[in-house]
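Taking the working numbering, the leading residue of the sequence shown gets 71, the next gets one more, and so forth. Some notes on the structure that comes next.
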Amino acid sequence: MKLSEFTDLLNSHREEPFLLALPGSELVQRCFHITEAAFVSKTFIDCGGRLHTAHTCQLQVWIADDTEHRLLSGKMAGILEIARRKGVLPADQDPDIEVEYESTFISQYPVESWAIVDGTVLLQLSAKHTDCLAKDICLPVLPMVSDQSNACCAGSGCC
């Protein structure tokens with residue numbers, strides 16, 4: 071989900087709370103706080119030697135002891151507006167939204183979809199996966215071999 075789409079959704083449902091559903095549909099506790107709204111820019115090189123950039127708007131979620139806390143969509147839209155005005159979220163960028171949440175460990179979750187459920191904006195988060203971005207270089211078609219556990223090694227093009 072892009073930041074612009076998320077902001078439009080929040081502004082369209084300003085008086086409704088919003089909830090976060092982790093992959094597998096477990097809900098983040100309703101009393102969560104957004105402790106950071108960040109613009110994350112990542113520049114990296116893949117194993118084939120190609121340069122990439124990725125930009126996200128990362129929202130850090132934290133659970134406090136104030137179990138009566140509820141964050142309305144309009145308040146969240148206000149947080150994003152302040153981040154835009156202060157230059158944290160560049161006006162010329164429309165990054166994807168990711169939610170950073172600590173359960174057993176800290177993870178980042180892309181927003182997969184949204185729905186309005188019983189007067190609540192529900193964001194469905196998805197798992198984030200690694201991938202090889204240079205499959206054309208790293209994973210050439212190999213003849214069928216019974217053990218391909220060493221397919222990405224010397225001579226295959228991988229770093």
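Note that beta-carbon positions come from the ideal geometry of N, C-alpha and C, so glycine has one too.
Taking its Cβ as the centre, do 16 or more other Cβ atoms sit within 10 Å of residue i, making it buried, or is it exposed?
i	result
residue 115	exposed
residue 175	exposed
residue 143	buried
residue 124	exposed
residue 105	exposed
residue 200	exposed
residue 131	buried
residue 73	buried
residue 97	exposed
residue 89	buried
residue 121	exposed
Are the Cβ atoms of residue i and residue j separated by less than 8 angstroms?
i	j	result
residue 234	residue 171	The chain is shown from 71 up to 229; residue 234 falls before or after that span and cannot be answered.
residue 139	residue 83	no
residue 167	residue 187	no
residue 159	residue 150	yes
residue 153	residue 107	yes
residue 165	residue 127	yes
residue 169	residue 86	no
residue 91	residue 193	yes
residue 136	residue 101	yes
May I ask which residues mark the beginning and end of the alpha helix (DSSP H) holding residue i?
i	result
residue 208	205-208
residue 80	73-82
Taking CB distances under 8 angstroms as the criterion, tell me whether residue i reaches chain E.
i	result
residue 99	The structure shown contains no chain E; it is built from a single protein chain.
Go through the stretch 147-189 residue by residue and report every complete run of the beta strand (DSSP E) that reaches 3 residues or more, in order. 166-172 and 176-187
For a minimum of 3 consecutive residues, which ranges assigned as the beta strand (DSSP E) are wholly contained in the stretch 89-154? 102-115 and 121-133
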